[in-house]
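Numbering (my numbering), first residue to last: 33 to 454.
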């Protein structure tokens, strides 16, 4: 289980900025320690547990980058055409014989360079005349060749521990001849929703009930991050029931993630349930949507073990936003990786907007191309935190930092595509 220190999460202020929250995410948190060796393809989406040092050079031998003719640069006539007889021929996968002076070798992409040759002319740049080839002047020495180790030398660091494995890193590992990769085990996350007013899809709705969407959105978001998810269903508004569920989940999960019930209303029981079985720091983030976010530690019934706890708001849009900006970086640290802030792109606002200073706001927008070709952000007409279609009918979020109080149409703003947040 993860090693957590509740003291590191302590916060007694009024509203915590997003940056302050992120700075505290990894302060008292050690990543999961267990590792496992998995087949190369199964390492996709996992966190590398050990450095990968190149066992061979990439490429492993001096080779041609094009189809053409390999020559000795010293045989070329400076400033004029050079006519050379074509000697041997070498294809990819073949062993090249040593070349002779004043001779060109027909060569193909990926084929090893004949001993003595150091330059390759592309076939489309030369003129073939019988058994000879006429080479134009002006080519630099070493052109169109790939030296051994040009990409990565043997013994060099290929991938550092903590790297998130992805298709491109899988390709690098395969090019090095690796078939097994040592990764950290998957983070185990338990998810449940709270509230007497929600029921699971497929269940008949009562007169004052809603279908639970948060639990399904959270599970989908978590699966995209490669974690092992346990669905604990819906818990009613009962502090004793919630406390028991939290304590049981802490036994075999690294993180317990909930939605709803973390505000300070009389029917919000998650906060008091956490305090009954563990320790809780109530993060009131200076963020809209999504101010009520709770974080704490739930000790396990197993001595010396504990699970982290994050309680998200109940409104779906607030759940999405706070997951992106709190849960994602937390999981990155817990998994043994490094949290990376999503790269915002500059776009032009096609709407005016006012906000309170001291609070970061995320505005749902769709993109369109303006008459001058620039990308413009169009605000969704309904911005309530419970409007799920405001997520499905837009392309991303405009991030408005704390000092900003006003946006005018035409201003440049920071756009975060949904693809960067999930």
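Beta carbons are placed, not taken as given, at the ideal position from N, Cα and C, and that holds for glycine. Quick caveat, the model's predicted, so the values are computed rather than measured.
Nearest C-alpha to residue 261 among 247, 273 and 444: 247. Relative to residue 72, the option among 213, 142 and 96 whose CA is nearest is 213. In the structure shown, residue 249 falls within a helical segment according to DSSP collapsed to helix, strand and coil. When secondary structure is reduced to three states using DSSP, residue 393 falls in the strand class. Under the 10 Å beta carbon count, residue 174 is surrounded by fewer than 16 other beta carbons and is classified as exposed.
Counting C-beta atoms within 10 angstroms of its own C-beta, residue 291 has 16 or more neighbours from the protein chains shown and is therefore classed as buried. For residue 225, the enclosing beta strand (DSSP E) begins and ends at 220-226. Per DSSP, the continuous beta strand (DSSP E) segment holding residue 379 begins and ends at 377-381. DSSP, read as helix, strand or coil, puts residue 370 in coil. In this structure, the CA atom of residue 256 is about 13 Å from the CA atom of residue 196. The segment 339-350 and the segment 431-443 do not touch, with fewer than three beta-carbon pairs separated by less than 8 Å. Taken in chain order, the unbroken stretches of beta strand (DSSP E) that lie wholly in the segment 105-135 and span 3 residues or more are 114-122. Of the candidates 332, 266 and 243, 332 places its Cα closest to the Cα of residue 282. Apart from sequence neighbours up to five positions away, the residues of its chain that approach residue 301 with a beta-carbon distance below 8 Å are 226, 269, 270, 271, 274 and 293, ordered along the chain.
The residues 246, 249, 250, 291, 322, 344 and 345, in chain order, have a CB closer than 8 Å to that of residue 351 in the same chain once the five nearest residues on each side in sequence are set aside. Contact between residue 363 and residue 219 holds: CB atoms are separated by about 6 Å, below the 8 Å threshold.
Taking the C-beta atoms as reference points, residue 104 is found no nearer than 8 Å to residue 164. In this structure, the CA atom of residue 126 is about 7 Å from the CA atom of residue 144. Note on geometry: alpha-carbon atoms of residue 109 and residue 167 lie some 9 Å from one another. For residue 352, there is no enclosing beta strand (DSSP E); the enclosing alpha helix (DSSP H) has its first and last residue at 348-354. Of all C-beta pairs linking the segment 408-425 to the segment 347-361, three or more are shorter than 8 Å, placing the two stretches in contact.
With 16 or more other Cβ atoms inside 10 Å of its own Cβ, residue 385 counts as buried.
Across the structure, residue 400 and residue 67 are spaced so that their CA atoms are roughly 46 Å apart. In the three-state reduction of the DSSP assignment, residue 279 falls in the helix class. Apart from sequence neighbours up to five positions away, the residues of its chain that approach residue 231 with a beta-carbon distance below 6 Å are 241, ordered along the chain.
Rounded to the nearest whole angstrom, the CA to CA distance from residue 130 to residue 121 is 11 Å. Between the C-alpha atoms of residue 117 and residue 94 there is a straight-line separation of about 23 Å.
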